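Residue numbers (UniProt numbering): 1 to 467. Below: one structure, written as structure tokens.
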Amino acid sequence: MTKYYLAVDIGASSGRLILGHLENGKMELEEVHRFENGMVKKDGELCWEFDRLFQEIKNGLKKCKEIGKIPVSMGVDTWGVDFVLMDKDDKVLGNTVGYRDHRNEGMDEEVYKTISLEDLYARTGIQKAIFNTVYQLMAVKTKHPEYLEQAETMLHVPDYFHYLLTGKKTCEYTEATTGQLVNAETKDWDYELIDKLGYPRKMFQKLIMPGTSVGHFTEEVKAEVGFDVEVVAPATHDTGSAVLAVPANDDDFIYISSGTWSLMGIEREKADCSKKSCEMNFTNEGGYAGRFRYLKNIMGLWMIQSVRHEYDDKYGFAEICQMAEEAKDFPSRVDANDECFLSPESMIEEVKDYCRRTGQKVPETLGEIATVIYTSLAECYAKTAKELEEMTERTFSRIHVVGGGSNAGYLNELTARATGKEVHAGPGEATAIGNITAQMLKAEEFKSIEEARTTIHESFGIKVYQA
Ligand code: LRH
Numbered sequence: 001m002t003k004y005y006l007a008v009d010i011g012a013s014s015g016r017l018i019l020g021h022l023e024n025g026k027m028e029l030e031e032v033h034r035f036e037n038g039m040v041k042k043d044g045e046l047c048w049e050f051d052r053l054f055q056e057i058k059n060g061l062k063k064c065k066e067i068g069k070i071p072v073s074m075g076v077d078t079w080g081v082d083f084v085l086m087d088k089d090d091k092v093l094g095n096t097v098g099y100r101d102h103r104n105e106g107m108d109e110e111v112y113k114t115i116s117l118e119d120l121y122a123r124t125g126i127q128k129a130i131f132n133t134v135y136q137l138m139a140v141k142t143k144h145p146e147y148l149e150q151a152e153t154m155l156h157v158p159d160y161f162h163y164l165l166t167g168k169k170t171c172e173y174t175e176a177t178t179g180q181l182v183n184a185e186t187k188d189w190d191y192e193l194i195d196k197l198g199y200p201r202k203m204f205q206k207l208i209m210p211g212t213s214v215g216h217f218t219e220e221v222k223a224e225v226g227f228d229v230e231v232v233a234p235a236t237h238d239t240g241s242a243v244l245a246v247p248a249n250d251d252d253f254i255y256i257s258s259g260t261w262s263l264m265g266i267e268r269e270k271a272d273c274s275k276k277s278c279e280m281n282f283t284n285e286g287g288y289a290g291r292f293r294y295l296k297n298i299m300g301l302w303m304i305q306s307v308r309h310e311y312d313d314k315y316g317f318a319e320i321c322q323m324a325e326e327a328k329d330f331p332s333r334v335d336a337n338d339e340c341f342l343s344p345e346s347m348i349e350e351v352k353d354y355c356r357r358t359g360q361k362v363p364e365t366l367g368e369i370a371t372v373i374y375t376s377l378a379e380c381y382a383k384t385a386k387e388l389e390e391m392t393e394r395t396f397s398r399i400h401v402v403g404g405g406s407n408a409g410y411l412n413e414l415t416a417r418a419t420g421k422e423v424h425a426g427p428g429e430a431t432a433i434g435n436i437t438a439q440m441l442k443a444e445e446f447k448s449i450e451e452a453r454t455t456i457h458e459s460f461g462i463k464v465y466q467a
């Protein structure tokens, strides 16, 4: 009997339920359900719709039942840093605010009244991003102290869905590290830091590692979807799952996990929490099997997604790539890591404004705007590759681009040219594949990560772009 494993992979712009199984030594995928995601305004705050997303997860589970493919196990991965606080009756406190909301502005300064940026980095190894959980909790503490007083539990987003499915409260390690409250040395919550900042210790659940069983469906979920299944935590941080699915076993490469964000870096056994690394703003995110992802968050295709949205989603990504290519000689560039692009009212206006402010030619057409974004991203990749080489005192000969953004052929070409490195693009569903892989490793379908990565390499088409 075929053994199926189910990945629930929810990114900032869409969610998917994907079944995976092994057949003749290859991994096969089947998408059973897909739905939209995005932050919506509620009471003036940018919020996630967790109730709707949970219903979509259950809708997808029902489809598994309909097609007669009940998985051996399932696991949820999502983006990082966001969380819910729950009171003593497990009721969510306040709005389910997302990381792009403006409540975090100025919260870095609040945190630095207690601990400096450098000390925070030395303990956690996590790069400064204004939306890290550490700053978001400070926004809650400042604006809604009553929520922190009432909070009994904090769950990150994938942990929250695991809780809704099983009734079990856990905090998975890879996702937790993105919050900047986990110690890079001990790989556990940094309770000293948590105490200093005045966040209630009791709300932080015991950390579990990817591959740990969370539990079985609650009676309610069982009754609604018509079956029971074991929930196994993958690397619940989507980037952690995506990097587990990089189709290579040597170490001569840099990866880019390309989706809403571009996460560019390497894998390491030990975190680098040095002052220099802090200054360069590299992060050490916790990964599968205790490895670290040493990388940089780059604004990524969010900029293109936002522009596309402002054109009423009229054009597909492939069309936008083509329009950008037609406008390839347009000369202006933006800093793809500038905070002004995090949550602007209008991305189109922000890009134009940036060009205006910096005395460059202002793009007018969609193709011109897209080419400014793509070329700026590729240049940012080239700069980051150089910095990675400087920090590690070595060179890397190729770049693996994985995730949905690996389909952006024009960007891959630009990346190869800007970095002078071969670009290997694919698999596009790396996050779901990594999620499934963690479950398969737990079920001993693979003996090792290396075996899993060899299988992934042999199972999915990878397109090579020469430098
Ligand atoms: C990518 C990602 C990234 C985080 C961001 C909030 O989806 O998980 O790694 O920094 O979302």
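Where is the CB? At the ideal position from N, CA and C, for every residue including glycine. Nothing here was measured: the structure is a model prediction, and the numbers come from that model.
Whose CA, out of the options, lies closest to the CA of residue i?
i, options, result
"Phe83", "Gly94, Ser73, Gly75, Gly15", "Gly94"
"Gly167", "Arg123, Glu379, Val140, Val231", "Val231"
"Ala416", "Pro427, Arg394, Cys380, Gly125", "Cys380"
"Val72", "Asp228, Asp87, Gly15, Leu137", "Asp228"
"Tyr160", "Glu146, Pro145, Leu148, Ala176", "Ala176"
"Asp190", "Thr124, Glu56, Ser332, Leu29", "Thr124"
"Asp329", "Lys352, Glu149, Pro363, Ser277", "Pro363"
"Ala242", "Glu285, Lys270, Gly215, Tyr135", "Glu285"
"Gly98", "Lys361, Lys314, Lys42, Glu339", "Lys42"
"Lys202", "Ala151, Asn24, Met303", "Ala151"
"Lys187", "Ala129, Ala271, His21, Val246", "Ala271"
"Arg291", "Thr96, Thr174, Thr114, Ile126", "Thr174"
"Phe317", "Leu411, Cys340, Ser116, Asp353", "Leu411"
"Pro210", "Pro158, Glu451, Gly15", "Pro158"
"Trp79", "Thr260, Gly426, Leu53, Ser376", "Thr260"
"Ser213", "Glu66, Asn37, Cys171, Asp9", "Cys171"
"Tyr294", "Asp313, Ile266, Val307", "Ile266"
"Cys278", "Ala385, Ile126, Leu29", "Ile126"
"Arg268", "Lys276, Ser258, Ser257, Thr283", "Thr283"
"Ala324", "His309, Ile369, Arg394, Met347", "Ile369"
"Gln205", "Tyr5, Val182, Ala327", "Val182"
Starting from residue i, trace the beta strand (DSSP E) in both directions and tell me its first and last residue.
i, result
"Gly75", "73–78"
"Gly15", "14–23"
"Arg394", "Arg394 -> no beta strand (DSSP E), and no H or E assigned at all."
"Arg103", "Counting along the chain, Arg103 falls outside any beta strand (DSSP E), and DSSP gives it neither H nor E."
"Gly265", "262–268"
"Ala7", "5–10"
"Lys26", "26–36"
"Asn230", "In the sequence on display, residue 230 carries Glu and not Asn. Taken as a continuous stretch (DSSP letters only), the beta strand (DSSP E) holding Glu230 covers 230–232."
"Gly215", "213–216"
"Val84", "83–86"
"Tyr255", "253–258"
"Glu444", "Premise fails: Glu444 is in no beta strand (DSSP E) and is neither H nor E."
"Lys42", "40–42"
"Cys273", "Looking at the DSSP string, Cys273 is not in any beta strand (DSSP E), and its letter there is neither H nor E."
"Tyr199", "From DSSP, Tyr199 is part of no beta strand (DSSP E); its letter is neither H nor E."
"Lys69", "Here Lys69 belongs to no beta strand (DSSP E), and DSSP marks it neither H nor E."
"Lys463", "463–465"
Go ahead and label residue i buried or exposed: buried means 16 or more other beta carbons lie within 10 angstroms of its beta carbon, across all protein chains shown.
i, result
"Glu350", "buried"
"Asp51", "exposed"
"Arg356", "exposed"
"Thr2", "exposed"
"Tyr465", "buried"
"Tyr288", "buried"
"residue 551", "In the structure as shown, the chain begins at 1 and stops at 467. Residue 551 is therefore absent and cannot be evaluated."
"Tyr311", "exposed"
"Lys442", "buried"
"Val134", "buried"
"Ser397", "exposed"
"Cys64", "buried"
"Ile18", "buried"
"Cys321", "buried"
Can you tell me whether residue i sits near ligand 2, meaning its C-beta is under 7 Å from at least one heavy atom of the ligand?
i, result
"Val81", "Ligand 2 is absent from the structure shown, which contains only ligand 1."
Where do the N-terminal and C-terminal ends of the alpha helix (DSSP H) with residue i fall, by residue?
i, result
"Tyr121", "117–124"
"Gly94", "Element bounds for Gly94: n/a, residue is neither H nor E."
"Cys64", "50–66"
"Arg453", "449–459"
"Glu224", "219–225"
"Val243", "238–244"
Point to revise | Start-end ranges of the beta strand (DSSP E) lying completely within the region 275–304, minimum 3 residues | key: 283–286, 292–298
**Study point:** Length at least 3, wholly inside the region 143–194: the beta strand (DSSP E) runs in chain order
**Key:** 153–156
Practice item. Jot down the residue ranges of each uninterrupted alpha helix (DSSP H) in the region 294–357, minimum 4 residues, whole runs only, in chain order. Key: 302–310, 317–326, 347–357
Exercise for review: Go through the region 359–441 residue by residue and report every complete run of the alpha helix (DSSP H) that reaches 4 residues or more, in order.
Suggested key: Positions of the alpha helix (DSSP H) runs, each at least 4 residues long and wholly inside the region 359–441, are given as 366–392, 409–419 in order along the chain.
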